[in-house]
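Working notes, structure below.
2 protein chains.
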Amino acid sequence: MDNIKSYVQEHKDRFISELIELLKIPSVSADSAYSQDVIDTSEAVRASLEKAGCDRVEICDTPGYPIVYGEKIIDRNLPTVLVYGHYDVQPPDPMDLWTSPPFEPVIKKTELHPDGAIFARGACDDKGQMYMHVKALEYMVRSNSLPCNVKFMIEGEEEVGSKSLGWFVEKNHEKLQCDVILISDTGMISNQQPSITTGLRGLSYVEVEVTGPNRDLHSGLYGGAVANPINVLAKMIASLHDENNHITIPGFYDKVEELTMEERAEMAKAPFDLDQYKKALDLDDIYGEKGYVTNERNSIRPTLDVNGIWGGYTGEGAKTVIASKAFAKISMRLVPHQDWEEITELFTRHFESIAPSGVTVKVKPHHGGQGYVTPIDSIGYQAAAKAYEESFGIRPVPVRSGGSIPIVALFEKELKSKTIMMGFGLDSDAIHSPNEHFGIFNYLKGIETIPLFYKYFVELSK
Amino acid sequence: MDNIKSYVQEHKDRFISELIELLKIPSVSADSAYSQDVIDTSEAVRASLEKAGCDRVEICDTPGYPIVYGEKIIDRNLPTVLVYGHYDVQPPDPMDLWTSPPFEPVIKKTELHPDGAIFARGACDDKGQMYMHVKALEYMVRSNSLPCNVKFMIEGEEEVGSKSLGWFVEKNHEKLQCDVILISDTGMISNQQPSITTGLRGLSYVEVEVTGPNRDLHSGLYGGAVANPINVLAKMIASLHDENNHITIPGFYDKVEELTMEERAEMAKAPFDLDQYKKALDLDDIYGEKGYVTNERNSIRPTLDVNGIWGGYTGEGAKTVIASKAFAKISMRLVPHQDWEEITELFTRHFESIAPSGVTVKVKPHHGGQGYVTPIDSIGYQAAAKAYEESFGIRPVPVRSGGSIPIVALFEKELKSKTIMMGFGLDSDAIHSPNEHFGIFNYLKGIETIPLFYKYFVELSK
């Protein structure tokens with residue numbers, strides 16, 4: 001497949017400028033202020049699939065944002081690859097930490113990306129990685145080298161829990177029938193050491209509200225005499241971890257899969273430099289659950305993090321007020337076998353139970369999803385491994401990721417297909433953070449690697 | 001002094017409309033966006049003092065907002081009353097809880113204010129209460145009944161710590177020389193039971209910042225592996241109180257004055273209905289330091305309250321982020337003998353010492369002030385008590401307030417004068433909260449009572 005290399009070289013400027021156009025549309029699904037932009041992005045994705053050679057491209061309405069579907073069926077007897085991706089992005093804030101506006105993409109060189117990287121919200125997660133598949137298809141169609149059938153399903157609610165996608169998948173088993181699901185929405189260890197994600201954590205995301213007095217009060221007149229919702233919320237959050245950073249919610253660990261010492265020894269072989277890790281984040285020390293190392297804490301262990309907190313006076317200067325209400329957004333990353341709905345229920349029951357008298361507590365579940373582990377002896381994994389090996393010149397290693405793609409477990413349940421996670425981003429690409437970027441090298445290497453996956457998947461399926 | 005009653009009756013509509021004009025100017029000293037409005041308010045106060053008959057009215061520049069000074073010296077051998085008040089107001093937010101705009105005053109009737117109350121930011125704290133003194137002076141000048149000398153000192157930074165006033169007072173001992181200081185910036189028990197504030201709590205107000213990683217991180221990739229600044233801040237705040245709601249800062253209680261059982265028994269005689277208190281705030285229970293009742297917790301005991309907290313994603317929907325930074329505004333109410341600067345230092349040292357590795361902590365002192373207790377056997381207190389008794393028909397009771405007027409202790413130190421706190425607001429007037437208001441009855445009663453204070457103060461001074 002030398003042709004793909006030369007095709008990428010010939011068309012790379014266009015590939016980059018097309019992605020940049022897509023990144024300019026602020027498709028923030030979490031904020032309804034951007035809803036027209038999210039819709040506009042689905043339209044842009046539809047047009048790009050048609051241009052790349054997909055047939056039967058359609059915008060499928062859902063209870064939420066639309067799903068873009070397209071397919072190229074060349075022979076019903078050949079295997080079918082279902083490509084999943086998402087066109088929505090995380091909110092860009094805090095805006096003041098971006099060095100260039102999040103929806104005005106620019107190319108800048110970095111230490112890890114000497115060929116340059118595209119800086120924009122969604123550059124890596126997931127517009128850039130999704131668009132690699134569109135461009136890989138373009139190549140295979142134009143060069144008449146598509147070796148099997150392909151279906152695309154690109155959604156607009158991944159960053160807010162993929163609710164409509166679940167609804168859509170349940171209703172469209174036949175349409176989505178496939179032999180393997182292919183996703184590029186994860187990362188790899190480095191440009192020198194490719195890796196394939198074999199596990200994802202599940203997620204339970206909730207919002208809590210603590211209400212004390214029915215109005216904001218003067219802290220001099222009422223301070224010390226009524227429960228302060230912010231102090232109470234802090235106390236409740238603090239109590240969710242013990243002194244060893246274990247989570248204290250009763251039943252939380254009941255279904256957690258404990259890895260054997262052998263499995264943990266195997267994991268420890270992945271290259272990892274703790275000093276480098278700390279330096280990259282400007283940390284004097286790491287922190288986490290006692291008894292586990294960093295690469296276990298962020299992959300095989302469940303966690304509980306406050307993602308946002310607010311209450312009272314947060315403006316300039318001082319205001320001596322006791323707030324009526326305090327709020328927090330809290331997410332738990334879960335490992336395989338922990339059921340996200342059960343964990344949400346355990347959290348809710350526990351959080352309500354620890355509220356002191358003098359306040360009332362509300363827990364509002366936002367969304368969630370199950371964890372997932374994929375076997376490395378499947379045809380899909382083997383095909384992906386061969387594809388990376390050919391394009392990078394080095395065998396990829398399997399890794400468990402700490403992130404969540406809640407829909408993957410649902411795919412297995414509903415479509416009876418395994419998912420292969422071919423990620424090309426780096427952890428340092430700042431997804432979900434200010435200054436998100438995606439290396440030009442990674443983007444083009446992805447486009448180059450994907451057709452190889454198709455080739456080997458068909459070969460190994462014979 | 002029947003004349004004051006009829007004067008108030010005759011001019012009350014004008015008194016109300018003049019105050020309403022003053023309330024329309026949003027003199028929020030905490031927010032620099034309002035700085036021109038604060039300046040404009042000082043000008044309006046200056047004009048009102050001149051119109052009321054003050055001589056030598058001037059706007060005194062300071063390093064911050066100006067101080068309006070005026071005086072009426074009728075005879076150097078007679079006593080001098082120094083009136084202190086402030087023309088700045090608290091920030092109005094949260095705006096969405098106001099039933100009418102904070103700077104568009106309206107008169108509405110309430111259960112406690114059947115004659116109506118003026119709803120606006122600053123109506124009670126302190127524009128309304130300060131303006132009572134201007135109108136009382138107007139009456140005494142026009143009726144030629146001013147029995148002594150009077151000086152006015154109205155500042156614009158009370159809500160942010162009165163820094164410039166401290167600077168001004170230190171520089172102007174002679175100009176401000178007086179026999180008593182008179183302030184209306186506190187409340188009274190009810191319209192049926194007037195009271196005089198004999199104690200104020202001190203204040204130490206700080207802002208804390210917890211920094212973890214150098215950028216916001218994806219909570220899936222890093223969750224569980226690095227210290228989350230919000231979780232850490234919650235834990236640190238939670239640890240500031242023990243299970244009995246005692247404050248855990250080493251040395252915090254060392255200088256706290258413990259009242260005798262007799263003094264506490266005396267305090268317990270003040271009318272207080274706990275059920276009514278809880279009902280007014282929609283609380284199922286009160287909360288506070290073990291071993292003390294509500295009226296002790298909010299007056300003779302020091303407290304620590306978080307006045308604001310923020311960090312991470314606080315917008316609509318969900319964002320799976322680990323914030324780089326988390327913040328809180330924390331204030332401590334102090335009792336007499338606790339030195340606010342020493343407490344600020346103790347807090348800072350303790351808060352920095354409890355920061356776990358993996359985060360850095362900054363503590364920024366905002367401002368503070370000493371607590372204050374005034375004796376009830378002074379001429380000033382006796383004159384105030386007689387004035388209330390005559391105008392309300394019932395003897396006022398002395399009470400210790402939980403609030404702080406940081407400058408009162410400074411007045412005693414610099415000017416060697418006692419301060420008398422003749423408040424006419426009610427605790428339920430929602431100062432510092434949305435829908436702040438001041439009863440028309442209270443406003444007019446204040447104007448009526450103040451000249452009686454002058455009369456009795458001169459009589460008792462003879």
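Chains as they are written, first to last, in full-length UniProt numbering: chain A, 1 to 462; chain B, 1 to 462.
Glycine included, C-beta positions come from ideal geometry on N, C-alpha and C.
None of these values were measured; they are calculated from a predicted model.
Cβ neighbours of residue i in the same chain (closer than 8 Å, five flanking residues each side left out)
i              : result
L346 (chain B) : I249, P250, G251 and F252
I379 (chain B) : V180, F457, L460 and S461
D115 (chain B) : K109, G439, I440 and F441
Beta-carbon gap between residue i and residue j smaller than 7 Å
i              : j              : result
I447 (chain A) : L182 (chain A) : no
S162 (chain A) : I343 (chain A) : no
N298 (chain A) : F272 (chain A) : no
N307 (chain B) : Y69 (chain A)  : no
S219 (chain B) : T320 (chain B) : yes
P451 (chain B) : I154 (chain B) : no
A326 (chain B) : I230 (chain B) : yes
T311 (chain B) : T303 (chain A) : Position check: residue 311 (chain B) holds Gly in this sequence, whereas Thr was assumed. Taking 7 Å as the Cβ cut-off, G311 (chain B) and T303 (chain A) do not qualify as a contacting pair.
C178 (chain B) : F438 (chain B) : no
A117 (chain B) : T110 (chain B) : yes
K24 (chain A)  : F103 (chain A) : yes
N149 (chain A) : T41 (chain A)  : no
K151 (chain B) : E58 (chain B)  : no
S428 (chain B) : D216 (chain A) : no
H366 (chain B) : E207 (chain B) : yes
V210 (chain B) : V232 (chain B) : yes
Spatial neighbours of residue i in its chain, beta-carbon cut-off 6 Å, leaving aside the 5 residues before and after
i              : result
P213 (chain B) : V226 and S324
Sequence-distant residues of the same chain with beta carbon closer than 7 Å to residue i, five excluded per side
i                     : result
I300 (chain A)        : L259, V335 and R400
E157 (chain A)        : S29, G64, Y65, D88, K163, S164 and L165
G358 (chain A)        : G212, V226 and A227
residue 473 (chain A) : The displayed coordinates of chain A run from 1 to 462. Any statement about residue 473 (chain A) would go beyond what the structure contains.
Contact with chain B by residue i, beta-carbon distance below 7 Å
i              : result
Y84 (chain A)  : no
P398 (chain A) : no
P26 (chain A)  : no
N191 (chain A) : no
H366 (chain A) : yes
E316 (chain A) : yes
Q370 (chain A) : no
T348 (chain A) : no
R301 (chain A) : yes
W340 (chain A) : no
Helix, strand or coil at residue i [DSSP, three-state]
i              : result
S204 (chain A) : strand
P79 (chain B)  : coil
E43 (chain B)  : helix
W340 (chain A) : helix
I300 (chain A) : coil
I230 (chain B) : helix
S461 (chain A) : helix
Y287 (chain A) : coil
T110 (chain B) : coil
I237 (chain A) : helix
V160 (chain B) : helix
Chain A contact for residue i (CB, 7 Å cutoff)
i                     : result
N231 (chain B)        : yes
S357 (chain B)        : yes
residue 526 (chain B) : The shown model of chain B, from 1 to 462, leaves out residue 526 (chain B), and the question about it has no answer.
V321 (chain B)        : yes
K235 (chain B)        : yes
N442 (chain B)        : no
D75 (chain B)         : no
N228 (chain B)        : yes
I39 (chain B)         : no
N307 (chain B)        : yes
P213 (chain B)        : yes
For residue i: DSSP bridge partner residues
i              : result
M153 (chain A) : A:Y69 and A:Y84
L182 (chain A) : A:V83 and A:I420
K329 (chain A) : A:E207 and A:G308
T360 (chain A) : A:T211
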